[in-house]
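For the sequence shown, UniProt numbering begins at 1 and goes up steadily by one. Written out below as structure tokens is the structure these notes cover.
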Amino acid sequence: QCLLRWDHLIVGVFLNINWPIEKIHGSTCLCGYTQRDKQLLEKSGLVPFYLQKNDYGIVPGYLRRRKAEKEKAKQDNDAWLTKQQETVKPLAEQEKQNILQGLKRRFNELNFEYQSLPFTISPSQHKKYNYKMFLEEAMSQVEKDIALFEEHKYIYHTNNSYI
Numbered sequence: 001q002c003l004l005r006w007d008h009l010i011v012g013v014f015l016n017i018n019w020p021i022e023k024i025h026g027s028t029c030l031c032g033y034t035q036r037d038k039q040l041l042e043k044s045g046l047v048p049f050y051l052q053k054n055d056y057g058i059v060p061g062y063l064r065r066r067k068a069e070k071e072k073a074k075q076d077n078d079a080w081l082t083k084q085q086e087t088v089k090p091l092a093e094q095e096k097q098n099i100l101q102g103l104k105r106r107f108n109e110l111n112f113e114y115q116s117l118p119f120t121i122s123p124s125q126h127k128k129y130n131y132k133m134f135l136e137e138a139m140s141q142v143e144k145d146i147a148l149f150e151e152h153k154y155i156y157h158t159n160n161s162y163i
């Protein structure tokens, strides 16, 4: 049905008339000549879509935050390492030898006292029995310390707790 005059147009009535306002163009395609296939040019990657965005070349915020957190963690770790290196120092060889001689001297004193005790001690003599057990424990601890000093070449100590 074609309307020839506008004055006959009744308001509120739906008409199936397609009035093209401007010419509609199809999407630009990339055509392959050998297989005769088509691909949209925008999806092919040949149109510089991302280069024309406003935020092109700007580093995203989450990457900047992650980089700042990583740098802060590295600085904290470096500060902790320098603090640890300042507090822990190697023991000088002369000091190590002096301590080792003192430990051997202490072991000889404890051994002399242990051998000075009677050969048999009855359970009724509690003081002597307890003293004998104390000497055995002290001697075993001094033996462990001597073995530790002789086994390791480098021994480190802190400023707070010196041997």
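Where a beta carbon is used, it is the ideal one built from N, C-alpha and C, also for glycine.
Between the alpha carbons of residue i and residue j, how many angstroms are there, rounded?
i    : j    : result
C31  : K72  : 53 Å
E61  : D37  : The amino acid occupying residue 61 in the given sequence is Gly; Glu does not appear at that position. Going from the Cα of G61 to the Cα of D37 covers about 41 Å.
D145 : Y156 : 14 Å
R105 : D78  : 42 Å
N54  : Q35  : 38 Å
W80  : E86  : 10 Å
V142 : F134 : 12 Å
E151 : K70  : 40 Å
R64  : P48  : 26 Å
L100 : K83  : 29 Å
E137 : K74  : 46 Å
Compute the distance between the beta-carbons of residue i and residue j, then report whether it is under 8 Å.
i    : j    : result
N108 : M139 : no
K96  : F149 : yes
L46  : S27  : no
K127 : L117 : no
I121 : Y114 : no
Label residue i either buried or exposed according to how many other C-beta atoms from any shown protein chain fall within 10 Å of its C-beta, with 16 as the threshold for buried.
i    : result
V88  : exposed
V59  : exposed
L103 : buried
Helix or strand or just coil, what does DSSP make of residue i?
i    : result
K53  : coil
Q85  : helix
C2   : Here C2 scores only 47 on pLDDT, less than 50, and its place in the model is too uncertain to base an answer on.
Q141 : helix
Q30  : One point to set straight first is that residue 30 is Leu, not Gln, in the sequence displayed. In this structure, L30 counts as strand in the three-state DSSP scheme.
H70  : First, the amino acid is wrong: residue 70 is Lys here, not His. DSSP places K70 in helix when its eight states are reduced to three.
Q125 : coil
K153 : coil
L40  : strand
T158 : strand
Report yes or no: is there a C-beta of chain D within less than 8 Å of the C-beta of residue i?
i   : result
G45 : Absent from the structure: chain D. Only one protein chain is present.
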